[in-house]
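Asks: For the sequence shown, the positions run 1 to 338 when full-length UniProt numbering is used.
Don't be surprised by glycine CBs; every beta carbon is placed ideally from N, CA and C.
I am attaching a structure below and will ask some questions about it afterwards.
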Amino acid sequence: MDTLDQKLVSSWFNAHSTVPSSYVQPPECRPGKLIATPGKKIPVVDLGGNDRADTVKHVLKASEEYGFFQVINHGVSKDLMDDILKIFKEFHAMPAKEKVNECYKDPNGSCKLYTSSENYTEGALQYWKDSLTHPCPPSGEYMEYWPQKPTGYREIVGKYTRELRKLGLKILELLCDGLELNPRYFSGGLSEKPTMLVHHYPPCPDPSLTLGLAKHRDPTLITILLQDDQVNGLQVLKDGEWVAVEPIPNAFVVNVGLLLQIISNGRLVGAEHRAVTNSSMARTSVAYFIYPSYESLIEPAQALVNGSTPPLYKSMTFAEFHKNFFHKGPKFEAELHS
Ligand code: OGA
Ligand code: NI
Numbered sequence: 001m002d003t004l005d006q007k008l009v010s011s012w013f014n015a016h017s018t019v020p021s022s023y024v025q026p027p028e029c030r031p032g033k034l035i036a037t038p039g040k041k042i043p044v045v046d047l048g049g050n051d052r053a054d055t056v057k058h059v060l061k062a063s064e065e066y067g068f069f070q071v072i073n074h075g076v077s078k079d080l081m082d083d084i085l086k087i088f089k090e091f092h093a094m095p096a097k098e099k100v101n102e103c104y105k106d107p108n109g110s111c112k113l114y115t116s117s118e119n120y121t122e123g124a125l126q127y128w129k130d131s132l133t134h135p136c137p138p139s140g141e142y143m144e145y146w147p148q149k150p151t152g153y154r155e156i157v158g159k160y161t162r163e164l165r166k167l168g169l170k171i172l173e174l175l176c177d178g179l180e181l182n183p184r185y186f187s188g189g190l191s192e193k194p195t196m197l198v199h200h201y202p203p204c205p206d207p208s209l210t211l212g213l214a215k216h217r218d219p220t221l222i223t224i225l226l227q228d229d230q231v232n233g234l235q236v237l238k239d240g241e242w243v244a245v246e247p248i249p250n251a252f253v254v255n256v257g258l259l260l261q262i263i264s265n266g267r268l269v270g271a272e273h274r275a276v277t278n279s280s281m282a283r284t285s286v287a288y289f290i291y292p293s294y295e296s297l298i299e300p301a302q303a304l305v306n307g308s309t310p311p312l313y314k315s316m317t318f319a320e321f322h323k324n325f326f327h328k329g330p331k332f333e334a335e336l337h338s
């Protein structure tokens with residue numbers, strides 16, 4: 001059996017002029033189907049305006065209608081955004097064995113490098129990407145296990161994740177305003193365990209047959225994604241059609257995750273999305289997942305349920321949610337309802 005360094009798509013894609021059969025999606029999942037009617041667009045929200053009520057309105061509307069939006073004037077510097085994309089591109093360009101070595105410093109496996117999907121299974125349907133993931137909590141815990149290469153990794157990723165935490169809390173506060181929740185509702189345990197997830201999608205000889213990432217909802221409160229300026233790939237399912245999230249230089253893509261869908265009692269939607277591949281350019285995307293501590297209770301906020309609006313979802317700890325989500329996949333969504 002191949003070792004991880006041999007299995008990484010980035011290790012072998014160059015040697016293939018066709019797509020290996022295990023990467024060929026069944027016809028109904030291939031990218032060409034159900035592309036959105038022109039004009040349907042993921043909303044863009046300016047976070048730098050002076051009218052807070054107006055910003056709240058836009059963030060709330062986008063989260064209710066699409067579960068996705070892009071933010072501009074968000075306060076994170078262009079230099080830092082450039083640095084972070086550069087460092088992750090360099091990471092994925094390192095020799096495969098070095099990448100593996102850099103990712104397995106923690107005997108408990110807090111940092112991981114994997115290919116295709118997190119629960120990679122030999123012989124199963126595969127996805128055209130390699131990914132790196134590790135926790136990045138504000139406490140600095142786990143940093144000692146992060147990669148040390150490329151040079152400056154810990155410093156730059158540390159700086160970036162501190163900035164993203166600020167941005168994440170700012171967006172969550174705007175949503176609290178919109179939902180009429182206490183502005184600090186998410187600032188404790190519910191946002192305590194953020195995680196980085198960095199994807200690398202190498203060029204693919206036939207993008208019409210493959211996917212980089214299967215259709216899914218994120219198991220997060222919100223996700224903040226930085227994508228390559230130049231390369232399309234992310235698509236959102238809206239009313240049965242796939243809408244491309246066009247890259248906007250220096251913007252972040254924000255999406256509502258399943259946890260926030262539950263907490264908002266279904267007012268906000270954790271939209272389904274996927275990533276497609278392309279034949280000419282590698283694509284890198286950097287996701288910052290806002291996760292709760294394992295003990296946190298995930299349930300509709302008390303302030304949003306009453307006699308006429310009963311809770312739509314069961315209450316469970318994040319540990320229970322997480323375990324089920326990873327074992328059962330999207331099938332678990334049906335079990336969330338009360
Ligand atoms: C994810 C995700 C999109 C992308 O990591 O959950 O949806 O464009 N990523 O890589
Ligand atoms: Ni996602």
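Round the Cβ separation of residue 13 and residue 194 to the nearest angstrom and send it over; I've been treating them as touching at under 8 Å.
Replies: Numbered from its first residue, the sequence shown carries residue 13 at position 13. Numbered from its first residue, the sequence shown carries residue 194 at position 194. Contact doesn't hold; Cβ gap of about 30 Å is too wide.
Asks: Put residue 334 into one of helix, strand or coil per three-state DSSP.
Replies: Locating residue 334 in the sequence shown gives position 334, counting from the first residue. If DSSP states are grouped into helix, strand and coil, residue 334 belongs with the helices.
Asks: Would you decide whether residue 129 is buried or exposed? Buried here means 16 or more other CB atoms lie within 10 Å of its CB.
Replies: Here residue 129 corresponds to residue number 129 of the sequence shown, with the count starting at 1. Counting Cβ neighbours within 10 Å, residue 129 comes out buried, since at least 16 surround it.
Asks: Could you give the distance in angstroms between the alpha-carbon of residue 50 and the alpha-carbon of residue 74?
Replies: The residue you call residue 50 lines up with position 50 of the sequence shown. The residue you call residue 74 lines up with position 74 of the sequence shown. Approximately 13 Å between the Cα atoms of the pair.
Asks: Give me the Cα-Cα distance between residue 235 and residue 276, rounded to the nearest whole angstrom.
Replies: Along the sequence shown, one-based indexing puts residue 235 at 235. Along the sequence shown, one-based indexing puts residue 276 at 276. Computed Cα separation, rounded: 8 Å.
Asks: In the DSSP assignment, find the unbroken alpha helix (DSSP H) run with residue 326 in it and report its ends.
Replies: As a first step, residue 326 is located in the sequence shown; it is residue number 326 there, counting from the start. Taken as a continuous stretch (DSSP letters only), the alpha helix (DSSP H) holding residue 326 covers 318 to 328.
Asks: Who are the near neighbours of residue 332 in its chain, counting only those whose CB is closer than 7 Å to its CB and skipping five residues on each side?
Replies: Here the question's residue 332 lines up with position 332 in the sequence shown. Closer than 7 Å at Cβ, skipping near neighbours: 324, 325.
Asks: Let me check you understand the geometry: is the CB of residue 329 closer than 7 Å to at least one non-hydrogen atom of ligand 1?
Replies: If you number the sequence shown from 1, residue 329 lands on position 329. Flag unset: Cβ of residue 329 not near ligand 1.
Asks: Among all the DSSP beta bridges, which residues are the ones paired with residue 216?
Replies: Residue mapping note: residue 216 aligns to position 216 of the sequence shown, counting from 1. 273.
Asks: What's the call for residue 255, buried or exposed, on a 16-neighbour Cβ count within 10 Å?
Replies: On the sequence shown, residue 255 is found 255 positions in, with the first residue counted as 1. The residue in question, residue 255, is buried, as its Cβ has 16 or more Cβ neighbours within 10 Å.
Asks: In terms of alpha-carbon separation, which member of 16, 80, 133, 302 lies closest to residue 182?
Replies: Within the sequence shown, residue 182 is the residue found at index 182, counting from 1. With distances taken between Cα atoms, residue 182 lies closest to 302.
Asks: Any chance you could list the alpha helix (DSSP H) runs of at least 4 consecutive residues sitting entirely within the stretch 48 to 117, in chain order?
Replies: 52 to 65, 78 to 93, 96 to 103, all fully within the stretch 48 to 117.
Asks: Take residue 191 and list the residues in its own chain whose beta-carbon comes closer than 6 Å to its own, dropping the five residues that flank it on each side.
Replies: Numbered from 1 along the sequence shown, position 191 holds the residue referred to as residue 191. Taken in chain order, the residues that qualify are 290.
Asks: What is the DSSP secondary structure of residue 298, counted as helix, strand or coil?
Replies: Start at 1 with the first residue of the sequence shown, and residue 298 comes out as number 298. Three-state DSSP puts residue 298 in a strand.
Asks: Which runs of the alpha helix (DSSP H) spanning at least 4 residues fall entirely within the stretch 4 to 51, listed in chain order?
Replies: Those alpha helix (DSSP H) runs which fall completely within the stretch 4 to 51 and span 4+ residues are 4 to 7, 9 to 12.
Asks: Put residue 304 into one of helix, strand or coil per three-state DSSP.
Replies: By one-based count along the sequence shown, residue 304 stands at place 304. Correct three-state label for residue 304: helix.
Asks: If you follow the beta strand (DSSP E) that residue 130 is part of, which residue opens it and which one closes it?
Replies: Translated into the one-based positions of the sequence shown, residue 130 becomes position 130. Here the beta strand (DSSP E) through residue 130 covers 130 to 135.
Asks: With a CB to CB cut of under 6 Å and the five nearest residues on each side skipped, what residues in its chain are close to residue 228?
Replies: Here residue 228 is taken as the residue at index 228 of the sequence shown, counted from 1. So the qualifying residues of the chain are 283, 284.
Asks: Just grab the DSSP bridge partners of residue 281 for me.
Replies: For this step, residue 281 is matched to residue 281 along the sequence shown. Looking at the DSSP assignment, residue 281 forms no beta bridge with any residue, so it has no partner.
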